[in-house]
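Peer 1: Read left to right, the sequence shown gives residues 27 to 317 (this note's numbering).
All C-beta atoms in this analysis are idealised placements derived from N, C-alpha and C, irrespective of residue type, glycine included.
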Amino acid sequence: MPELPEVEIVARSVDRRVRGDRIVEAWFSSRPQTFKTPRSHQAKGLAGLTILAVHRAGKHIVFELGVDAGGVGAAPPQGETNANPATAPDAQWIVHLGMTGRLLVTTPDSPLAPHTHARLNLASGRELRFVDPRRFGRLEFRNLESRAAFVAPGAEPLSIAAREFAALFRARRMPIKAALLNQTLLAGVGNIYADESLFRAGIRPRRRTNRLTAAELERLRLALRRILRHAIRCGGSSVSDYVNADGERGFFQLEHCVYQRTGEPCRRCQTPIRRIELAGRGTHYCPKCQR
Ligand SMILES: [Zn+2]
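Following this line, the structure appears as C-alpha cells:
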C-alpha cells in the first residue's frame, strides 16, 4: 500500500507532467466501487477544466482545477509541488490510491492496462489514467462553488510544529504506535514509518502517549520527519518509472532498521529484533535500544 512518501512522489511527478494541461474529456469505467462521486458527474465536471496544480494532502492526491482554459500543454518542470496555484481553483479532483491504485501519464494509443477505471484526455495529446486492480482507491470531484475545498484528516507530519505535535499525543492515553497509525491525528503515517521512527526515537511502541516526555515526543517528531523526507528523496529517482511504465516496478526500499526484521540483529546493538501485535498490526522494535 502506498505510504505518504510514495503518494508525495506520485503527486510531484504527475504535477510535473500535467500542470497547465487541460482536460478535454473524461471517461470512467462502470465499476461503482471506485468512486465517491457518481461517474457521470465526474466526467461532466472534469471536462474542459485546466489543471492548475497537483499536490498531496495527507494520503490524497489533489488536482486543483480552473475553468480558465488558457493553458495547453504542460508547464515546464517544477521543483516541488505547490499547493497554491497562481489562480484560485474552481474545482478539485481528489484521488486516493487505496491499496493498488496508480496514476499513469501516457499516450492515448498505449495499451490499456486491465483495471483501468479512469481516462482523462488532455489537450497536450496525452492521457492520464487511473488503474486500480483491487478497487480500494477513491476518486472524487468537488465543485468549489458549492463545496468547501478538500481538507485531509489529521495533521501533516512533514510540517507539524513541535508544540502542536506534543499536544496531539499528550492529550491521549494509547500506545504511541497506535496513535501514529491513527489517521485522524497524523495524516498518512503507515506501519513501516511508524516502526522505523519509533526505533530512531528510542521509544517502545507500547508506551502510552500521555506518559511520553516532551523530549521523547520531539525526538519522535524529528525522526518521523527525517525518515519521510529521506524516503521522498530516495524515491524521487524512480518516479519516471512509477508513473510512465507498467507500474509493476518496485518502489525504492528504505533500509529498514526494525520493520520486518524479526529475529535479526539490531543494526545498533545486535539484540534480536522483536515482533508483537499492536493495534492489529505487526510491530517491530529493539528491546534494548527502545525504552
Ligand atoms: Zn538495538
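Indicate whether I186 and F195 have their beta-carbon atoms separated by less than 8 Å.
Peer 2: no
Peer 1: Alpha carbon to alpha carbon, what distance is there between G216 and T309?
Peer 2: 11 Å
Peer 1: Mind reading off the beta-carbon distance from G71 to F167? Whole number of angstroms is fine, and I expect it under 8 Å.
Peer 2: 4 Å
Peer 1: Please go through the same chain and pick out, in chain order, the residues whose beta-carbon is closer than 7 Å to the beta-carbon of P313, but skip the five residues on each side of it.
Peer 2: Sequence-distant Cβ neighbours of P313 in its own chain, meaning closer than 7 Å and more than five residues away, are T297, R300.
Peer 1: With burial defined as no fewer than 16 other Cβ atoms inside 10 Å of the residue's Cβ, what is the status of R57: buried or exposed?
Peer 2: exposed
Peer 1: Assess, as a yes-or-no matter, whether the stretch 73-92 is touched by the stretch 30-46 under the definition of 3 or more beta carbon pairs within less than 8 Å.
Peer 2: yes
Peer 1: Measure how close the beta-carbons of L91 and D116 come, nearest whole angstrom, since I'm counting them as under 8 Å.
Peer 2: Right, the Cβ-Cβ distance comes to about 6 Å (below 8 Å), so this counts as a contact.
Peer 1: Under 8 Å between the Cβ atoms of A83 and A178?
Peer 2: The Cβ-Cβ distance between A83 and A178 falls below 8 Å.
Peer 1: Determine, using beta carbons only, whether F156 and A144 come nearer to each other than 8 Å.
Peer 2: yes
Peer 1: In whole angstroms, what is the alpha-carbon distance linking G124 and R161?
Peer 2: 7 Å
Peer 1: By the DSSP assignment, the alpha helix (DSSP H) with A220 in it spans what residues?
Peer 2: Here the alpha helix (DSSP H) through A220 covers 217-227.
Peer 1: At what residues does the beta strand (DSSP E) containing H86 begin and finish?
Peer 2: That run of the beta strand (DSSP E) goes 86-92.
Peer 1: Could you spell out where the alpha helix (DSSP H) holding L130 opens and where it closes?
Peer 2: Boundaries around L130 are those of the beta strand (DSSP E), 128-132, since no alpha helix (DSSP H) includes it.
Peer 1: What does the alpha-carbon distance come out to for the pair R189 and E244?
Peer 2: 9 Å
Peer 1: Which word fits E51, buried or exposed, when buried means at least 16 other C-beta atoms lie within 10 angstroms of its C-beta?
Peer 2: Around the beta carbon of E51, fewer than 16 other beta carbons lie within 10 angstroms, which makes this residue exposed.
Peer 1: Mind checking whether the beta-carbon of R230 lies closer than 7 Å to any heavy atom of ligand 1?
Peer 2: No; taking the cut-off as 7 Å, the Cβ of R230 has no heavy atom of ligand 1 nearer than that.
Peer 1: Output needed for T126: all residues of its chain with C-beta closer than 6 Å, excluding positions within five of it in sequence on either side, in chain order.
Peer 2: D158, P159, R160
Peer 1: According to DSSP, what are the bridge partners of G74?
Peer 2: Its beta-bridge partners do not exist; DSSP assigns none.
Peer 1: Please classify S263 as buried or exposed, where buried requires at least 16 neighbouring CB atoms within 10 angstroms.
Peer 2: At S263 the pLDDT is 47, less than 50, meaning the model places this residue with poor confidence; the figure from the coordinates comes in the next sentence. It counts as exposed.
Peer 1: In chain order, what residues of the same chain have a beta carbon less than 6 Å from the beta carbon of M27, not counting five sequence neighbours either side?
Peer 2: M125
Peer 1: Following a CB-centred definition, is I288 positioned closer than 7 Å to any heavy atom of ligand 1?
Peer 2: The sequence shown places Thr at residue 288, not Ile. Flag unset: Cβ of T288 not near ligand 1.
Peer 1: Among I120, R65, D94, which has the Cα closest to the Cα of V80?
Peer 2: The shortest Cα separation from V80 among I120, R65, D94 belongs to I120.
Peer 1: According to DSSP, what are the bridge partners of F167?
Peer 2: W119
Peer 1: Once the 5 residues before and after I302 are set aside, which same chain residues still bring their CB inside 6 Å of it?
Peer 2: T309
Peer 1: Rounded to the nearest angstrom, what separates V284 and R226 at their Cα positions?
Peer 2: Roughly 10 Å between the two C-alpha positions.
Peer 1: Would you say the beta carbon of C315 is closer than 7 Å to some non-hydrogen atom of ligand 1?
Peer 2: yes
Peer 1: Does DSSP put P58 in a helix, in a strand, or in coil?
Peer 2: helix
Peer 1: Buried or exposed for T235, going by 16 or more other Cβ atoms inside 10 Å?
Peer 2: The residue in question, T235, is buried, as its Cβ has 16 or more Cβ neighbours within 10 Å.
Peer 1: Please name the residue or residues paired with Y285 in a DSSP beta bridge.
Peer 2: DSSP output for Y285 lists no bridge partner at all.
Peer 1: DSSP beta-bridge partners for A52?
Peer 2: L146
Peer 1: What residue from E29, L238, R317 has the CA that sits closest to A192's CA?
Peer 2: L238
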